[in-house]
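So the structure is just underneath, and the comments pick up after that.
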Amino acid sequence: MIESRFARGTIRRVIFVVAAVVILLVLIMLAAFGALYFIANRPSGVPGQSKWVDVHQGMASVDIADTLASKGLISSPFWFRAYLFLTHQGGDLQAGRYRFSSGMSMVQVIQELKLGAAQFNTVKVTIPEGYTVQQIAAVLAQDKVCSVQSFMYAVHHDHFSYGFIKDIPHNKLVRDPLEGYLFPDTYDFLKGESPTLILQTMLGEMNQVLTPERLQALKKEDMTLSQMMTVASMIEKEAKLNSERPLIASVIYNRLHHHPPMRLRIDATVLYAIGYHSTLPPSAFLVNNPYNTYVFYGLPPGPIANPGIHSIMAALHPAKTDYYYYVAKGNGTGASYFATTYAQQLANEAKRAQNLAKRQQ
1 MIESRFARGT IRRVIFVVAA VVILLVLIML AAFGALYFIA NRPSGVPGQS KWVDVHQGMA
61 SVDIADTLAS KGLISSPFWF RAYLFLTHQG GDLQAGRYRF SSGMSMVQVI QELKLGAAQF
121 NTVKVTIPEG YTVQQIAAVL AQDKVCSVQS FMYAVHHDHF SYGFIKDIPH NKLVRDPLEG
181 YLFPDTYDFL KGESPTLILQ TMLGEMNQVL TPERLQALKK EDMTLSQMMT VASMIEKEAK
241 LNSERPLIAS VIYNRLHHHP PMRLRIDATV LYAIGYHSTL PPSAFLVNNP YNTYVFYGLP
301 PGPIANPGIH SIMAALHPAK TDYYYYVAKG NGTGASYFAT TYAQQLANEA KRAQNLAKRQ
361 Q
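Residue numbering for the sequence shown follows my numbering, starting at 1 and increasing by one per position.
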C-alpha cells in the first residue's frame, strides 16, 4: 500500500516536471517566435535611400543574407536565415537585380526576393568630379531621370538628416545650398526617379567620405566643413593632376594665411560667378559677385563645384610649401608651374606662353 502511494507520488512528480519542462519550452518557443516576428517586421536603416542588390543564380541563402546585411537592408544575417528556415521560404528566393529602399522590413525584402526582380527602367548615371549642382541637374534631365526644375526645387527646399548637413551654414550668399556635398560617382537611378531620393543617395555617398575621423581632423585644424569643402571644390576645378592637388591646396592656404591679406585670385571662382562660360573675358575679373576671388578677399561663400575624394583629401592634407602662385604649363600635360614670388610667377607665365606657341606651330 505504501509502495503504491509512493509510486503514484513519483508518477505525479514526473508528470509535473515533464509538464513544467513542456510549458517552459513552449514559452521559450513563443518568446523566440515573438522576437523573430518583431525583428522580421522592423524597418532597417534610414528610410528613403535606394539600394541595388544583385542575387546571382545558385547563390546560397547565407550569401544573400550577408549581401543584404552589408547594404544595411537587414539587421542580422542569422535572423534572416532563421526566418527563411522556419517559414520554409529559403527555396523561393529568385535570382536577379533588385532595387530596395532602406527602411524596408525583413519580411518586405523577402517578399521582393520571392516575387523576382522586375525589369526596372534603370539608367546608369555618371556624375563627373567637379560638376556643379546645376550641371548635375542637366545630366539627370538628359538621362530622363528627373527634370531640372524638380531637382533644383528639391535642392533648395528638401531637408536631409545626415549628420554633416547640420554643419553647413545657412548663408544667403550661397547660390545652391547643397553645392559641394553631392558626391560625384556612377549611380543607378530609375527614369522618373524622385529628386529627393536622388539627393538622399548622393548625400549618403558623401556621408561615407566625411567620416567622423575626417570631421574631427577639421576641428583640430580650426576649420569648418564649409571652408574645407570650398577649398576642395576650388582644387577640383583648378587641378588636372592628382599629384598636384596637395600643392594647389598649399597655395590656397598660404594665401589665406598671408599677412597682409592676399586675394585668392582663383579663375574657377570667376567662372562660377558668371555661370561657367568657356572663356573669361577681361571684364569678368571685375564682376561684383561674392564668389569672385579677384575682387573679394578670403573664401567664396561656399563650394563652387562638387569635389571628388582626391580633392577632399588634398584640402584636408595640403602639402607644406612656400608657394603663393601657380600657372598651367600649357604643354598639354595638365601640369603647372609653382612659384614663391611674383617675379617667379611672371617667369613661369612666360614659359607657359612659349609652350603654347610651340603647340600651335
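Ideal placement from N, C-alpha and C gives every residue a C-beta, glycine not left out.
Computed from a prediction, not measured in an experiment: that's the story for all the values here.
Whose CA, out of the options, lies closest to the CA of residue i?
i, options, result
"Met234", "Gly298, Asp66, Pro261", "Gly298"
"Ile266", "Tyr294, Leu280, Ala239, Pro281", "Tyr294"
"Ala380", "Tyr326, Cys146, Ile64", "Because the chain here runs from 1 to 361, residue 380 falls outside it and cannot be looked at."
"Glu205", "Lys237, Phe164, His56, Glu112", "Phe164"
"Ala305", "Pro184, Asn355, Glu193", "Pro184"
"Met106", "Thr122, Ile64, Cys146, Thr132", "Ile64"
"Ser102", "Arg12, His317, Arg42", "Arg42"
"Gln57", "Arg97, Ala69, His88", "Arg97"
"Gln216", "Val148, Asp167, Leu190", "Asp167"
"Val174", "Asn207, Ala268, Thr230", "Thr230"
"Glu193", "Gln345, Arg263, Lys172, Val148", "Val148"
"Ala154", "Ser75, Ile127, Asp188, Leu203", "Leu203"
"Pro300", "Asn355, Met152, Leu264", "Leu264"
"Gly275", "Tyr131, Arg13, Ile23", "Tyr131"
"Phe160", "Asp188, Asn207, Met313", "Asn207"
Residue i and residue j: beta carbons closer than 8 angstroms?
i, j, result
"Ile248", "Leu182", "no"
"Leu199", "Leu178", "yes"
"Ser250", "Thr321", "yes"
"Phe100", "Leu140", "no"
"Thr224", "Val125", "no"
"Gly90", "Gly180", "no"
"Asn289", "Ala273", "yes"
"Arg352", "Gly332", "no"
"Glu129", "Glu236", "yes"
"Ala82", "Val55", "no"
"Pro261", "His317", "no"
"Leu241", "Ala335", "yes"
"Ala284", "Glu238", "no"
Taking all protein chains shown into account, decide if residue i is buried (16 or more other Cβ within 10 angstroms of its Cβ) or exposed.
i, result
"Gln227", "buried"
"Tyr337", "buried"
"Thr10", "exposed"
"Phe80", "buried"
"Lys51", "buried"
"Gln49", "buried"
"Phe78", "exposed"
"Gly116", "exposed"
"Phe85", "exposed"
"Val109", "buried"
"Pro307", "buried"
"Thr341", "exposed"
"Met104", "buried"
"Ala347", "exposed"
"Tyr291", "buried"
"Ser311", "buried"
"Thr87", "exposed"
"Ala343", "exposed"
"Glu213", "exposed"
"Pro169", "exposed"
"Ala60", "exposed"
"Leu286", "exposed"
"Val14", "exposed"
"Ile23", "exposed"
State the CB to CB distance for the pair residue i and residue j, rounded to an integer number of angstroms; the pair is presumed to be in contact (CB under 8 angstroms).
i, j, result
"Asn254", "Tyr162", "That pair is no contact at about 32 angstroms."
"Glu114", "Asp143", "The identity of residue 114 in the sequence shown is Lys, whereas the question assumes Glu. With 8 angstroms as the limit, Lys114 and Asp143 do not qualify as a contact, their Cβ atoms being about 31 angstroms apart."
"Leu256", "Val270", "Going by Cβ atoms, the distance from Leu256 to Val270 rounds to 18 angstroms, so no, they are not a contact pair."
"Asp222", "Thr196", "Wrong, their Cβ atoms sit about 35 angstroms apart, outside the cutoff."
"Asp176", "Val145", "Rounded, the Cβ-Cβ distance is 18 angstroms, inconsistent with contact."
"Thr122", "Leu190", "6 angstroms"
Within the segment 98-176, note down every full alpha helix (DSSP H) run reaching 4 residues or more, in order along the chain. Within the segment 98-176, the complete alpha helix (DSSP H) runs of at least 4 residues are 106-115, 133-142, 148-157.
Please give me, in chain order, every unbroken run of the alpha helix (DSSP H) with length at least 4 that falls completely inside the segment 175-244. Listed in chain order, the complete alpha helix (DSSP H) runs (minimum 4 residues) inside the segment 175-244 are 195-209, 212-220, 225-238.
Start-end ranges of the alpha helix (DSSP H) lying completely within the segment 267-320, minimum 4 residues: If we require 4 residues or more, the alpha helix (DSSP H) runs fully inside the segment 267-320 come out as 267-274, 309-316.
Can you list the beta strand (DSSP E) stretches of 3 or more residues lying completely in the segment 39-100, in chain order? Listed in chain order, the complete beta strand (DSSP E) runs (minimum 3 residues) inside the segment 39-100 are 50-55.
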